[in-house]
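What follows is a single structure, written as structure tokens, with notes after it.
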Amino acid sequence: MRLRGLSLIWLATLVLYSTYAEWWGGRVFGSRFLDDLAPVLIVAIAWGTSVGMMRSVFARALFAVLALWSFVIFQAAAFLYDKTWDTVPVNVNDDPSKLFNWSDPQWLAVLRAVPSADERVIAGALLTGLVLLLLVRLELRGRLPAESAFKVS
């Protein structure tokens with residue numbers, strides 16, 4: 079029942095943002111207005127996991143691929159996005175049809191900049207990867223059966 083309520087709030091927020099003149103969020107990477115809705119999506123993922131939606135190998139593999147894709151796009155956008163896609167050759171605020179142009183999507187423009195990354199970008203990506211590995215390790219450790227604090231000899 080709570081998830082249904084959260085879903086309705088999520089949908090209402092999406093509809094509200096779609097009424098804005100610059101519903102895409104202006105000259106930024108991605109749809110920044112939808113960032114507010116991320117906690118609801120995390121709750122939905124947790125619910126889906128708890129009811130067994132991640133039992134199959136295919137579902138887990140698909141989730142891993144999508145999570146890796148998300149990580150790559152996030153790292154590239156966080157460290158390399160310079161807003162040229164938004165303004166060259168035409169400003170996206172003047173011509174929003176650019177948002178639907180699949181010959182030059184925003185995420186691909188960011189990925190094209192990856193080969194020019196300097197040491198700071200690589201260090202940031204490595205540190206983020208280490209934090210993610212630590213979180214995965216903690217999650218896997220939490221799934222192991224706890225050893226008894228008192229051993230009977």
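Heads up: the sequence shown is residues 79 to 231, going by this note's numbering. Where is the CB? At the ideal position from N, CA and C, for every residue including glycine.
Minimum C-alpha distance to residue i - residue among the options
i    : options                : result
D182 : I123, T162, E197, D172 : T162
E100 : F111, T91, A90         : F111
L204 : L89, Q184, V166, V150  : V150
T206 : L89, A124, D113, S148  : S148
R198 : L158, L144, T127       : L158
L189 : A156, L119, G126       : A156
W102 : E217, I120, F178       : F178
I120 : F136, P193, A145       : A145
A122 : F152, L216, W88, Y95   : W88
Distance between residue j and residue i (C-alpha atoms, nearest Å)
i    : j    : result
L186 : A195 : 15 Å
S109 : P223 : 42 Å
L84  : P117 : 10 Å
R105 : V166 : 11 Å
L140 : N169 : 35 Å
L213 : M132 : 18 Å
Q236 : F107 : Because residue 236 is not part of the residues shown, which for the chain are 79 to 231, the question remains open.
V135 : D173 : 43 Å
S175 : V93  : 20 Å
S128 : W180 : 36 Å
L216 : F152 : 22 Å
L210 : Y95  : 31 Å
L208 : V143 : 18 Å
R138 : L218 : 14 Å
Under the three-state DSSP convention, the category residue i falls into
i    : result
L210 : helix
A105 : The sequence shown places Arg at residue 105, rather than the Ala named in the question. DSSP places R105 in coil when its eight states are reduced to three.
R133 : coil
Y95  : helix
S128 : helix
V150 : helix
E36  : Coverage of the chain is limited to positions 79 through 231, which leaves residue 36 absent and any answer about it impossible.
D182 : coil
D164 : helix
9 Å Cβ cutoff met for residue i and residue j
i    : j    : result
A154 : A201 : no
D160 : N171 : no
T91  : D114 : yes
W125 : L86  : no
Below-9 Å beta-carbon distance, residue i vs any chain E residue
i    : result
V199 : Absent from the structure is chain E; it holds one protein chain and no more.
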